[in-house]
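S.K.:
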Amino acid sequence: MFADVGFLELVTLVVLALVLFGPDKLPQAIRTVSGFVRKFREFSESAKQEVRTGLGPDFEDFEFEDLDPRAFVRKHVLSDDGPGLDAVRDALDPRPELDEVMRAVREAAGAEPVRDSPAAPSAPPRPEGDRVSPRKGGVAAGRPPFDPDAT
26 MFADVGFLEL VTLVVLALVL FGPDKLPQAI RTVSGFVRKF REFSESAKQE VRTGLGPDFE
86 DFEFEDLDPR AFVRKHVLSD DGPGLDAVRD ALDPRPELDE VMRAVREAAG AEPVRDSPAA
146 PSAPPRPEGD RVSPRKGGVA AGRPPFDPDA T
């Protein structure tokens, strides 16, 4: 609990306790706080044991620390017997599915199939009548500028 408390923090806590309780009542306050911490730990351990027995024999090795996402990742992904980061990254990569969908759309549109290449796929060719006009003055040629107040 106090593993990461430095010397300066500990001295500050002792001085603060002396100021708040005084030298006469400080030992009694320490006993009261330590008794509270002991009872809290006992209550916590009994609650954990009740949950383990309530879950049944299938969860004998259940650890509450595994509920922390960081501990779960450390135990199941980053461990030597886990799948590893590369396997997780490959499983979550949407590019193979997107390439397959793009290939199916191109084939359905009658376009020539694209070879697998590491480069990014280019846009499919547009029909001749569907060409976009070059822009002149920031507005596509042949189109009036958008005026939101005109509606």
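Yeah, the sequence shown ends on 176 if you go by our numbering, and it's all consecutive. All C-beta atoms in this analysis are idealised placements derived from N, C-alpha and C, irrespective of residue type, glycine included.
From which residue to which residue does the alpha helix (DSSP H) around phenylalanine 97 run?
M.R.: Position 72 of the sequence shown, counted from the first residue, corresponds to residue 97. Its alpha helix (DSSP H) spans residues 94–101.
S.K.: Tell me the rounded alpha-carbon separation between proline 48 and leucine 41.
M.R.: The sequence position of residue 48 within the sequence shown is 23, counting from 1. The sequence position of residue 41 within the sequence shown is 16, counting from 1. In a straight line, the C-alpha of proline 48 is about 11 Å away from that of leucine 41.
S.K.: Using 8 Å for Cβ pairs, my map puts leucine 43 next to leucine 51. What's the rounded Cβ distance?
M.R.: The residue you call residue 43 lines up with position 18 of the sequence shown. The residue you call residue 51 lines up with position 26 of the sequence shown. Indeed, because the Cβ distance is near 6 Å, the residues count as touching under 8 Å.
S.K.: Helix, strand or coil for valine 30? Go by DSSP, reduced to three states.
M.R.: For the purposes of this step, residue 30 is taken as the residue at position 5 of the sequence shown. Reduced to three states, the DSSP call for valine 30 is coil.
S.K.: Give the C-beta separation of lysine 73 and phenylalanine 89 to the nearest angstrom, bearing in mind that I take them to be a contact with Cβ-Cβ under 8 Å.
M.R.: Taking the first residue of the sequence shown as 1, we reach residue 73 at position 48. Taking the first residue of the sequence shown as 1, we reach residue 89 at position 64. The pair is a contact, with the Cβ atoms about 6 Å apart (cut-off 8 Å).
S.K.: Please state whether DSSP places alanine 134 in a helix, a strand or coil.
M.R.: For this step, residue 134 is matched to residue 109 along the sequence shown. Correct three-state label for alanine 134: coil.
S.K.: Tell me the DSSP secondary structure of leucine 81 in three-state form.
M.R.: One-based indexing of the sequence shown puts residue 81 at position 56. A small fix is needed here, since residue 81 is glycine in this sequence, not leucine. Glycine 81: coil per DSSP, three-state reduction.
S.K.: If the criterion is Cβ atoms closer than 8 Å, does the pair arginine 95 and phenylalanine 84 meet it?
M.R.: In the sequence shown, counting from the first residue as 1, residue 95 sits at position 70. In the sequence shown, counting from the first residue as 1, residue 84 sits at position 59. No, Cβ-Cβ distance for arginine 95 and phenylalanine 84 is not below 8 Å.
S.K.: Pop quiz: phenylalanine 46 and alanine 54 are said to be a contact at Cβ under 8 Å. What is the actual Cβ separation, rounded to whole angstroms?
M.R.: The residue labelled residue 46 in the question sits at position 21 within the sequence shown. The residue labelled residue 54 in the question sits at position 29 within the sequence shown. 5 Å between Cβ atoms; contact.
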